[in-house]
Each structure stands twice: as C-alpha cells, then as structure tokens.
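Residues in the sequence shown are numbered from 125 upward in steps of one, following our numbering. Here's the structure, in structure tokens; my notes come after.
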Amino acid sequence: MNRRQFFTHSGVGLLGAGLISRAAAAALPEAASADSAATQIPVAPPNGRPFHPVITLNGWSLPWRMKNSVKEFHLIAEPVVREIAPGMVAHLWGYNGQSPGPTIEVVEGDRVRVFVTNKLPEPTTIHWHGQILPNGMDGVGGLTQPQIPPGKTYVYEFIARHAGTYMYHPHADEMVQMAMGMMGFWVTHPKDPNTMRVDRDFVFLTNAYDIEPGAYTPKVNTMLDFNLWTWNSRAFPGIDPLVCRLGDKVRIRMGNLTMTNHPIHLHGHRFVVAGTDGGWIAPAARWPEVTVDIAVGQMRAIEFTADNPGDWAFHCHKAHHTMNAMGHQVPTMIGVDQQKVAEKISRLIPGYMTMGSTGMSEMSQMQMPLPPNTLPMMTGEGPYGPIEMGGMFSVVKVRRDQKPGDYSDPGWYQQPPGTQAYEWLGELQPAPRAAAGRARPGDMEMRVKRNGHAH
Ligand SMILES: [Cu+2]
C-alpha cells in the first residue's frame, strides 16, 4: 500500500472506528481504548465548555463523561502493542491500548477527575507535568502519594487552572516506564474558544526506543544510544503528514520526554515560538525561528501561516535521529575500495556484500533481507525516489485546494513548471582556483609585539 492508501485504510476520518468499549465498573467512567495507530480526526466536544480540539499525530483524544459538572477521564496503564511503522511492531507499556496514551483535552477552569487503573506488573503513578495543582495530586511516588499497586485504581482530582500544553507520565520506576513508552499529552484550552484561535493545532511527543532488529521489547537500560527515534511512538514513514490548507494558521505543540534534545526544523516557512509548558509567550516576546531546540522535559508550541504551497520536510536536525535501526554501528567506508576484500571474503562467505563505499545512500535502494520486525535504516519512497530518511521525519503538506478540516493525505505536490531544480546540460568549465603562495585580497601584514619589543 502507498502512504495515501495506508492513511485511508487505517481509519482516519472515522472517529470511533478504533475505539472499543471496555466494560467499565458501574462507578467508573468508561475507559475507551484505541487499537490502531491511525490519526483520529478531532470532533467538537459533545458536552462541557466549547473548545477547538487539537489533532494528535498518529493518536487520539480521550473521551470523558460529565458528572455533576466534573470532567471525568479513565486512564488504564497497561502493556500495549504499538506499530512503529508498517513492518514493525513494538511491545510497549502505555495507556488505553496505545503508546503514547490518549491526549487529554480540558478547558481552563474545568474541575477534572482522572481515574488511573494500573494493569502493569509493577506499581506506577501519574505526574501531571507543568500543571499547578495541590501537592498531593502531583503524582510523585513515595513523595506525594504511595505508588499505585498492580490491579488498583487511584483518583486524581484538580482544577485545570491555566490554559496551556502539558504532558503526563509516571513518576514511579521512571527509567523503565518511560523507556517502555508511558507518556501522553494534556491540553488545557482557553476559556474563550476564540482566544489564540488557529485553523490546525497538531500535537506530538518525541520519544526514543532501543529495540534490537528482530526483537519486540525495548532495552530499558539504554541511556543514550537508542536506535528508534520516534514521534508519538512512530518512525518515518509511519508518521502521518501534517496536512494544511494554504493560508491556514497552524500551531504545532511538541513535547520532549526522551533522554536528549531535539532541534526540530521546518522547511519553507518561518515560525514563532509561541509557548512553553510554562505558559504562552506574550506576542511581543515571541521570536522567529526555522529550528526550535526542545530540551529534555520541555514543550514548545510553534505557530506559522502555511503560506507556501508544497511538500515541506519537517524533522529533527540531528542526522542520526532521522534514521531507523540498522546502520548505527556500520563503519564508515567512504573512499575505501572494498572490491578486492569482498572477492576474498566471498570465497569464504557466499553472498557477502560491501556497504557504503560511496556514502550510505545506496543502502536506501538495496533490497537487503532484514530480520523480521525491523525497519530499514532509511526509507520512505517519494515521487522522485527514496527519501533516505527514517525516525523523526514527516512532511508538512500545504495545498490550496485542501478543504477546511480535511486532514486526508493529498498525495505528492506537483511542482509548477519552472520551479524545480534541474540538470545543467551545458558545458562544464574548469573551476578557477586561487594560486597558492601569493597574497590574496584580504591578506594583511601584522606586526607582533613580544616582551614589549617590536619584531
Ligand atoms: Cu532528535
């Protein structure tokens, strides 16, 4: 299937298609569960105060119930199976069927009650990163509450005091539980739904896993050398495009719960950094960027007008973070003539193959057999060949004829004639070079003083 078919077939546009009712105990709100990694199209809130919902990349928002004016949610911490990209699934821990957990959306001033049921084999808690709340609701195991034992349900209740963007994650055996994928987004919308109104409001978390090719479960002791760099536990080409209508005002909120920073870069547009997990930045204090570095434990909200039609790359600028498993430990072979060596080795190991003597690009074209359940190092097929990217990479697709509220993949951008890089077919002149050993413009004479004497 191509990406467009994948997008269509995976249930986008059918809110509820991926939601399975989970028999809830009488007093508990129903815990909806998602069984696919498809992006669920946001719908207007059915009750409570109005807001303009966000769109969670390859994710969804958790339904709630209103009970005596309290907004009640039910999170289930549990083992999940997450498709990282077509061809690879990971056995992670998450919430309500997926990793990351569903996005929680409330309105400034809402009283919120979250039931948390622990179906993990070990104790957990939930910390509500960035929220101003009573100390006992902060979810730090051992410090502000006992850990939630396996099989038990705890209740968190507080008022969502400030509009903004927050995250949730365990504060119990964090190294293991976060390396296993336990995290989620929380958006508190402003009281007035027209405050800071945008047309498209995307959210995702950066996360990283160390899963050996062929394996399913992350190695939880890895500190820095991860081999899968993901957005919402998806790696390119598994990350859906961010589809926009020409002229849309767009916001992208990105949280970082990995072990390193991610400089996220957008092509073709200039954006402003409009908010952090500490709140919104006053308009006069926002600064222009094309790359925003998101440190560990930070959230950044960027805003721009999608005024440049095309397929614009959007990715982490750390080159290793736009690659998938395989290849991180391959030695650099650029410039090495491997042919003679290969001939000798082939006599011992039939089918031996050399790699990388002209760079690594050739690897994206190889039909190399991979172990089951792994992703090629770089992949993703574009209209002009392999895109040679993996990991934290997606495409912001800006189209004039995209309908408002339509997030479906419009396919690849058609370059208008005369606006695309082209091959030079004329003659090549020898490049003029500066002669060595002669003074060039800009050279200057310097007099050096040593010990007070001129030399
Ligand atoms: Cu990165």
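Each residue gets a CB set at the ideal place from its N, CA and C atoms; glycine is no exception.
Residue i, buried or exposed, once every other Cβ within 10 Å from all chains shown has been counted against 16
i, result
"VAL374", "buried"
"ARG369", "buried"
"ALA149", "Confidence at ALA149 is low in this model, with a pLDDT of 45, below 50, so the placement of that residue should be treated as unreliable; the coordinate-derived value is given next. The residue in question, ALA149, is exposed, as its Cβ has fewer than 16 Cβ neighbours within 10 Å."
"LYS195", "buried"
"ASP364", "buried"
"ALA209", "buried"
"LEU390", "buried"
"ARG127", "Unreliable placement is indicated for ARG127, whose pLDDT of 39 sits below 50; no coordinate value is reported for it."
"LEU549", "exposed"
"GLY402", "exposed"
"ALA578", "Below a pLDDT of 50, predicted positions are generally treated as unreliable, and ALA578, at 43, falls in that range; no measurement from the model is reported."
"SER145", "In this prediction, SER145 has a pLDDT of 43, which is less than 50 and means its spatial position is unreliable; what the coordinates show is noted afterwards. The residue in question, SER145, is exposed, as its Cβ has fewer than 16 Cβ neighbours within 10 Å."
"ARG557", "exposed"
"ASP525", "exposed"
"LYS521", "buried"
"GLN202", "Correcting the residue type first, residue 202 is Glu in the shown sequence and not Gln. Result: buried."
"GLY263", "buried"
"THR415", "exposed"
"THR354", "buried"
"HIS452", "Note that HIS452 scores a pLDDT of 49, beneath 50, so its modelled location is shaky and nothing firm can be said."
"TRP411", "exposed"
"PRO258", "exposed"
Residue closest to residue i, alpha-carbon to alpha-carbon, out of the options
i, options, result
"ALA284", "ARG173, ALA425 and ALA558", "ARG173"
"ALA179", "TRP310, HIS389 and PHE438", "Reading the sequence as shown, one finds Ile at residue 179 and not Ala. Nearest option by C-alpha distance: TRP310."
"MET306", "PRO247, ASP401 and GLY371", "PRO247"
"TRP404", "GLY254, TYR280 and HIS445", "GLY254"
"ARG189", "ASP234, ASN259 and ASN497", "ASP234"
"GLY183", "ASP323, TYR546, GLU427 and GLY362", "GLY362"
"TRP252", "MET212, PRO294, VAL213 and TYR219", "PRO294"
"ASP417", "ALA430, PHE428, CYS440 and ILE165", "CYS440"
"ILE426", "GLY399, ALA437, MET447 and ALA406", "GLY399"
"ASN242", "PRO274, LEU257 and GLY265", "PRO274"
"ARG321", "MET447, HIS313 and PHE328", "HIS313"
"LYS527", "PRO541, ASP323, ALA156 and GLU154", "ASP323"
"THR163", "ASN171, SER185, PRO153 and ALA151", "SER185"
"VAL367", "GLU281, GLY535 and ILE256", "GLY535"
"VAL231", "ASN318, ALA151 and VAL240", "ASN318"
"ARG237", "ASN259, ASN192 and PRO203", "ASN192"
"PHE438", "ALA339, THR227, HIS386 and ALA161", "HIS386"
"GLY265", "GLN553, THR249 and TYR278", "THR249"
"GLY392", "PHE428, ILE200 and HIS444", "PHE428"
"GLU413", "ALA406, MET423, ARG424 and VAL396", "VAL396"
"MET299", "LYS315, HIS198 and LEU348", "LEU348"
"ARG424", "PRO507, HIS445, MET447 and ILE388", "ILE388"
"LEU244", "SER160, HIS445, MET378 and LYS276", "LYS276"
"PRO500", "LEU152, GLY211 and ASP159", "GLY211"
"GLN301", "PHE517, LYS343, ALA555 and ALA156", "LYS343"
"GLY288", "GLU154, MET378 and GLU336", "MET378"
Residues that DSSP places opposite residue i in a beta bridge
i, result
"ALA409", "Answer by DSSP bridge pairing: none, since ALA409 is not bridged."
"MET75", "With the chain running from 125 to 579 in the structure shown, residue 75 is simply not present."
"PRO203", "TRP217"
"GLN269", "GLY265"
"ASN448", "None, per the DSSP bridge assignment."
"LEU366", "VAL520"
"MET291", "HIS253 and PHE309"
"GLY506", "GLY509"
"GLN222", "TYR219"
"PHE175", "Answer is none; PHE175 lacks a bridge partner."
"LEU390", "PHE438"
"ASP417", "PRO387"
Heavy atom of ligand 1 within 8 angstroms of residue i beta-carbon
i, result
"HIS386", "yes"
"MET423", "no"
"THR354", "no"
"MET516", "yes"
"THR415", "no"
"THR346", "no"
"LYS442", "yes"
"THR319", "no"
"HIS251", "no"
"HIS198", "no"
"THR330", "yes"
"HIS445", "yes"
Closer than 9 angstroms to chain D by CB, residue i
i, result
"TYR340", "No chain D appears in the structure shown, which is made up of a single protein chain."
Contact test: residue i Cβ vs ligand 3 heavy atom, cutoff 8 angstroms
i, result
"GLY233", "No copy of ligand 3 occurs in the structure displayed; its ligands are ligand 1 alone."
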